[in-house]
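Q: Input: one structure, supplied below.
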Amino acid sequence: MTDSPSLRPIGNTSFMKPPQKRFIAVSFLVAFMLDLIPLSDALIPYRVDFVALVLLYWCTFAPNRVGLLIAFLMGVLVDVANASLFGQHACNYVLIAFGALLLRHRMLSFPLWQQTLFVALICEACIALTFIIRALVGNDIAVSPAYLIVPAVAALILWAPISFILQYPQRKAASPAA
Amino acid sequence: MYTPTSEPGFHLYNGPSIHARSVFFLLLSLALMITDSHYSTLKTLRSAIELALAPVKGIVQTPIYISNKISFYTKDRADLIKENEDLLQQLLLTGYAEQRLSSLQEENAQLKELLNVRKMPDQTLLTVEVLESGTDPFLQKVTIDKGSSAGVTEGAAVLDPYGVVGQVTRVMFSRAEVTLIVERNFMIPIRNERNGKRGILSGAGAGKPLELRFVTADADPRVGDRLVTSGLDNIYPLGLSVAVITAVQPNAEALFINVTATPTAHISDERYLLVVRSENPEPVDRPVEAQSPTAADQEATPKPEINSLPYTPEVYPKAVPAGTTPAPAPAPTAKPQQNKPAPPKPASAAPKTPVTKETP
């Protein structure tokens, strides 16, 4: 490297080409399928919502491709697949997308591990808000605390691998040119 | 601020702000939630999406299904032998019980014919496998592997060997959703087996005992009483075990006693369940007008009380030839009046939460 460190960009993520639509669709499909894997009763509270994480990723890095409408539609799909109340996941995902769209510029200026904290914060805030809304709509909230903790912990652990995987095609496309 | 990830035109007017759009979608999802929890208007939309998602679900679930099958076939031999022995013993006992039952049924049918009691619709049982418990922490629901293609209907009762598990609340083509009796506000009409007092048992949500509501002191509930289905709703066959009373708290200030009960069914760990199918549910609504002279006459005579006498429902699967008409109707003469002076009870076909009155 001949240039001084100060001239180097903070992250390489903001200089990548926009992702392909097909790749976004495939990533959502895979996340959706991961969400559908049946688990035993004991493991159900620890289920990780991959769709939420992928959605958060794309709302941060491709806000022109994936926004609130996609979030809402994915939520409806997940609601149907899980046989849960219509609009429950939609509400959750819209909140996640909102959080990501609101904080994305700030997030992008941070290194990956700090982004992870942001992401965990967004996930936690969303799950808390969803619970409050559902309680107001008139549902029970007698549930295991795992439901409140797992999304944030999952985000902490999985944000780095997910960003790595979802950036892979762009990085690959960028590397020969560079 | 320019970001290379954004497309040209990012600075131009891109529609309403994020906040406005978020609020819009949030309200939309709230509206969906409220609509879905109070009305059934979204049913067709949901089943349409369900149909579209079926292949994806199939792809995900096939490997797990296959691995389950493999682990079943490669079960330990010693385990299998032991299980087989246990089952054989159970079969002996059940066979004995069934012999007695069939003679009792015969006798019961004769007695009922003598007394002119209207017969219940024939019911058959369908064995179903639980595919998945709900992933939703708020709802007490399971999905079973048979749907409208196998004759499962909305409102059908779901049982396990130990008691009532719940009720089918949503039917898709090849699967159905069962709401468990522990679901909040799920109601089931019951009868106290010890003293015959009737009441309504309702669920209180996950991890909480069932509540017996509107019980007055003279109903005399005691800890350990078994609550069985009263059969008043035409959904649950009469006399199935539902719950056992675990606590009775007299309340000096209120009119009613607090009674809680735990379900007898092994609700969350049964893998196979039974769905009660009514073979000819239509005639339940009204007595068959075979010998009734005029419509006016029929209006005047009280409908025969279904539950005026205990009866044994056809618990065992029974081959019913297609197109069988319901059993010959009792002549609606003066018999019902002599039978019971109670006012005619509107026997609605399949109400989700049947309204029953505590008879004084």
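Residue numbers (the numbering used here), protein chains in the order written: chain U, 3 to 180; chain B, 101 to 460.
The C-beta atom is built at its ideal place from N, Cα and C for all residues, glycine as well.
Since we're looking at a predicted model, the values are computed, not measured.
1. So if I threshold CB-CB distances at 8 angstroms, which residues from the stretch 159 to 175 of chain B count as touching chain U?
2. Identify every residue that forms a DSSP beta bridge with Pro289 of chain B.
3. Nearest to Ala257 of chain B by alpha carbon, out of B:Ala250, B:Ala361, B:Asp369, B:Thr269?
4. Mind checking the stretch 301 to 329 of chain B against chain U and listing, in chain order, the residues whose C-beta falls within less than 7 angstroms of any C-beta there?
5. Determine, for Gly89 of chain U, whether the minimum Cβ-Cβ distance to residues of chain B falls below 7 angstroms.
6. Just the chain U side, please: which residues come within less than 8 angstroms of Ile244 of chain B by C-beta, in chain order?
7. Return helix, strand or coil for Ser117 of chain B, following the three-state DSSP convention.
8. Tell me the DSSP bridge mates of Ser147 of chain B?
9. Give the range of the beta strand (DSSP E) segment to which Lys241 of chain B is assigned.
10. Hey, is the stretch 265 to 281 of chain B in contact with the stretch 240 to 247 of chain B, meaning 3+ C-beta pairs nearer than 8 angstroms?
11. Since Ile357 of chain B sits in a beta bridge, which residues does DSSP pair it with?
12. So, is Gly296 of chain B buried or exposed, given that buried needs 16 or more other C-beta atoms within 10 angstroms?
13. Can you check whether the CB of Val359 of chain B is closer than 7 angstroms to the CB of Leu312 of chain B?
14. If you measure from the beta carbon of Ala179 of chain U to each beta carbon in chain B, is any gap under 7 angstroms?
15. Residues of chain U with a CB under 9 angstroms from the CB of Val156 of chain B: which are they?
16. Could you give the DSSP three-state label for Gln223 of chain B: helix, strand or coil?
17. How big is the Cα-Cα spacing for Pro116 of chain B and Ile134 of chain U?
18. In the stretch 43 to 65 of chain U, which residues sit with their C-beta less than 9 angstroms from some C-beta in chain B, listed in chain order?
19. Can you tell me whether DSSP reads Val78 of chain U as helix, strand or coil?
20. Along chain B, in chain order, which residues have C-beta atoms closer than 8 angstroms to that of Leu79 of chain U?
21. So for Ser341 of chain B, helix, strand or coil by DSSP?
22. Can you pull the chain B neighbours of Leu70 of chain U, defined as C-beta to C-beta under 7 angstroms?
23. Any C-beta of chain B sitting closer than 7 angstroms to the C-beta of Leu158 of chain U?
24. Which two residues bound the contiguous alpha helix (DSSP H) that contains Leu57 of chain U?
25. Measure from the C-beta of Glu232 of chain B to each C-beta in chain U and report whether the shortest distance is under 7 angstroms.
26. Rounded to a whole number of angstroms, what is the C-alpha to C-alpha distance between Gly324 of chain B and Ala99 of chain U?
27. For Glu399 of chain B, does the count of other Cβ atoms within 10 angstroms reach 16, so buried, or fall short, so exposed?
28. So, with DSSP's three-state summary, where would you put Gln22 of chain U?
29. Smallest Cα separation from Val78 of chain U: which of B:Glu229, B:Asp136, B:Thr174?
30. Are any of the Cβ atoms in chain U nearer than 7 angstroms to that of Ser129 of chain B?
31. Leaving out the 5 sequence neighbours to the left and right, which residues in its chain are closer than 6 angstroms to Gly266 of chain B when beta-carbon positions are compared?
32. If contact means a Cβ-Cβ distance below 8 angstroms, which residues of the stretch 86 to 112 of chain U contact chain B?
33. For a contact defined as C-beta to C-beta under 8 angstroms, what are the partners of Ile164 of chain U on chain B?
34. Interface residues of chain U around Ile118 of chain B at Cβ under 7 angstroms?
35. Answer yes or no: does any C-beta atom of chain U fall closer than 7 angstroms to that of Leu355 of chain B?
36. List the endpoints of the continuous alpha helix (DSSP H) containing Glu183 of chain B.
A: In short, the structure shows the following:
1. Ile159, Val160, Gln161, Ile164
2. B:Ile300
3. B:Thr269
4. Gly305, Ala306, Gly307, Lys308
5. yes
6. Chain U residues near Ile244 of chain B: none, gap ~11 angstroms exceeds 8 angstroms.
7. coil
8. Partner(s): none; Ser147 of chain B has no beta bridge.
9. 241 to 244
10. yes
11. B:Val315
12. exposed
13. yes
14. Interpretation of Ala179 of chain U is limited by its pLDDT of 49, a score under 50 that renders its predicted location unreliable; the figure taken from the coordinates is listed afterwards. No, because no Cβ of chain B sits closer than 7 angstroms to the Cβ of Ala179 of chain U.
15. Leu31, Phe34, Met35, Leu38, Ala83
16. strand
17. 27 angstroms
18. Asp43, Ile46, Pro47, Arg49, Phe63, Ala64, Pro65
19. helix
20. Ile149, Leu153
21. strand
22. Arg121, Ser122, Phe125
23. no
24. 52 to 63
25. yes
26. 52 angstroms
27. Any reading at Glu399 of chain B must be qualified, since the residue scores a pLDDT of 44, below 50, and its modelled position is unreliable; the value itself is stated next. By the neighbour-count rule (16 or more Cβ atoms within 10 Å), Glu399 of chain B is not buried but exposed.
28. coil
29. B:Asp136
30. yes
31. Val258, Val278, Thr279, Leu280, Ile281
32. Ser86, Leu87, Phe88, Gly89, Gln90, Ala92, Cys93, Val96, Leu97, Ala99, Phe100, Leu103, Leu104, His107, Leu110
33. In chain order: nothing, as chain B lies at least about 17 angstroms away.
34. Phe100, Leu103, Leu104
35. no
36. 177 to 215
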